[in-house]
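> The structure that follows is given in the form of structure tokens.
Residue numbers (my numbering), protein chains in the order written: chain A, 0 to 385; chain B, 912 to 1046.
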């Protein structure tokens, strides 16, 4: 069982293409914003989720760098890499540190600085999330990988063209209410239908655009909360991480996504709840097909039917299983290794009732799922408002 | 340039050399020395026939650095007749539309150029439709 781990503070910068500012300044700004919510808590650990610092910014040893620039020098500060799931994996490590009493106050930071390189360099760097020898070598890309999955899925389950449009429409409608989103305008169904094809059947509106971002949460145990803490208390009720074969082709059934299934089931068991009790699901919509697969893996839809929830209004903020409530990676933007921490920040805003125009009514239980690749690494968390 | 990596994997790329598990006879590609089915030592070499069928496919238009000259190209998951699935480009497609279940066979082709004009040409497996005459 988890000790009473709570998220005491949150901070984020707007996701986007921030050519004029650096990884270190983004990181420091997100951390300072989170700390300003609970200034009396002095962190003794910083956990950083990041994928591309070494490749794109040619910067390793982020713990020492970020701790220094955030005025936290001296703290324990490891960096966690799990490609797109780096943020969720960092949150997982932070929860482990606090619940095991190895640390009392932990800053979990997700940071990605993608615009230190031009587009082709970004694309090349992102191929590292696949099996370099046997997936990237033949020329596959992450978008191509999503194309392979979506093509097979649509054939296997006889899914009609345009079935995934609802994911992009919902994400952008919600992103319009998020001041920290990269895109803040709703899109029409027509915009989806006319989008340029990227890796068929995946089109540009099925892809969450890679961008810069930094988000932070402050974890502590309940007894450390200041006496005058005035915000609703948000508890971490479940935390786990599950891996699968890195390469899609190495799985006995490439359409099973076993890690997502196991991670979801374990999270429900840890939290002692059923899927029906989840008020919002911040899933990882790096690609729309992956959103459908997560709805299935978590038990909100049967295999082959996740896309149907994007057709009948189930996924909107007032629907049965609201997803991407502040835009998801599609509209908020996809700061790769920071996504898992943005999910936590956004879920806390929902649980505090501070999600503005896309507030989920009476949100009490939030589930977060963060994917590295096509469920090669999956981190799942459940947050509950007391 | 990544010479040791290209050299190390040459038998896999040129000839689809994998392994067969001496304990449970599962065929393994790429070689991993530990059987993914039974977990025991599996270092016996096995050359795959190169025949298989398309499990899924897509087309890459925005090719990563080093792959631009072939773009757009088709990448597939190919299920080999011995069991394993490999990721590979499809080639020699002509006018024939690709489809799931289409029979394909391995050929050796140029995969990419590493290091510009002075660099290395990397060869490896691609798959082409099985010739009508051979069916």
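Even glycine gets a Cβ: it sits at the ideal position worked out from N, Cα and C.
Nearest by alpha-carbon distance to residue 981 of chain B: which of B:1024, B:935, B:916, B:1008 is it?
B:1024
> Can you find the residues in the same chain that come closer than 6 Å, C-beta to C-beta, to residue 923 of chain B, ignoring five residues on each side of it along the sequence?
941
> State yes or no: is the beta carbon of residue 998 of chain B nearer than 8 Å to at least one beta carbon in chain A?
yes
> With distances taken from CA atoms, which of A:152, A:153, A:124 is nearest residue 139 of chain A?
A:124
> Identify which residue in A:262, A:233, A:255 has its Cα closest to the Cα of residue 242 of chain A.
With distances taken between CA atoms, residue 242 of chain A lies nearest to A:262 out of A:262, A:233, A:255.
> Run through chain B and tell me which residues come within less than 7 Å of residue 146 of chain A, C-beta to C-beta.
969
> Quick check on the DSSP output: the alpha helix (DSSP H) that includes residue 267 of chain A runs from which residue to which?
257–270
> With a 10 Å radius around its C-beta and 16 neighbouring C-beta atoms as the bar for buried, classify residue 1005 of chain B as buried or exposed.
exposed
> So which residues of chain B does residue 139 of chain A contact, with C-beta pairs closer than 7 Å?
The contacting residues are 986, 998.
> Looking at residue 78 of chain A and residue 113 of chain A, is the spacing between their C-beta atoms short of 8 Å?
no
> Rounded to a whole number of angstroms, what is the C-alpha to C-alpha distance between residue 26 of chain A and residue 122 of chain A?
23 Å
> Quick one: give me the first and last residue of the alpha helix (DSSP H) that residue 232 of chain A is part of.
Residue 232 of chain A -> no alpha helix (DSSP H), and no H or E assigned at all.
> Is the Cβ of residue 95 of chain A closer than 8 Å to any Cβ of chain B?
no
> Alpha carbon to alpha carbon, what distance is there between residue 135 of chain A and residue 983 of chain B?
15 Å
> Check whether the segment 327–347 of chain A and the segment 59–66 of chain A are in contact - that is, three or more C-beta pairs closer than 8 Å.
These segments do not touch.
> For the pair the segment 91–99 of chain A and the segment 938–954 of chain B, tell me if three or more CB-CB distances fall below 8 Å.
no
> I want to see whether chain A comes within less than 8 Å of residue 926 of chain B, judged by CB atoms only; does it?
no
> Just to make sure I have the definition right: I need the residues of chain B whose C-beta is within less than 8 Å of the C-beta of residue 248 of chain A. Which are they?
Here the neighbours are 988, 995, 996, 997, 998.
> Between the segment 314–324 of chain A and the segment 186–201 of chain A, are three or more C-beta pairs nearer than 8 Å?
no
> Does DSSP put residue 931 of chain B in a helix, a strand or coil?
strand
> Would you identify the three-state DSSP class for residue 1042 of chain B, choosing helix, strand or coil?
coil
> Per DSSP, what are the beta-bridge partners of residue 286 of chain A in this structure?
A:206
> Run through DSSP, which three-state label would residue 191 of chain A get?
helix
> When you compare the CB positions of residue 12 of chain A and residue 217 of chain A, do they come within less than 8 Å of one another, or not?
No. Outside cutoff.
> Please report the distance separating the alpha-carbon of residue 275 of chain A from that of residue 115 of chain A.
Whole-angstrom Cα-Cα distance: 43 Å.
> One question on the structure: do residue 292 of chain A and residue 305 of chain A come within less than 8 Å of each other, judged by their Cβ atoms?
yes
> For residue 917 of chain B, report the span of its alpha helix (DSSP H) as first-last.
914–919
> Mapping DSSP to helix, strand and coil, what is residue 327 of chain A?
helix
> I'd like the list of long-range same chain contacts for residue 282 of chain A, defined as Cβ closer than 6 Å, with 5 residues on each side in sequence excluded.
290, 293, 322, 368
> For residue 10 of chain A, I'd like the list of residues in its chain whose CB is within less than 6 Å of its CB, leaving aside the five on either flank, ordered along the chain.
29, 32, 33, 215
> Run through DSSP, which three-state label would residue 1024 of chain B get?
strand
> Identify the continuous beta strand (DSSP E) that holds residue 48 of chain A and give its terminal residues.
44–48
> Tell me the DSSP bridge mates of residue 384 of chain A?
In the DSSP output, where bridge partners are listed per residue, residue 384 of chain A has A:233.
> List the residues of chain A that residue 978 of chain B touches, going by C-beta distances under 8 Å, in chain order.
138
> Determine whether the Cβ of residue 972 of chain B lies closer than 8 Å to any Cβ atom of chain A.
Yes, residue 972 of chain B counts as interfacial toward chain A.
> Alpha carbons only, please: which of B:1011, B:1014, B:1012, B:1034 is nearest the one belonging to residue 1022 of chain B?
B:1034
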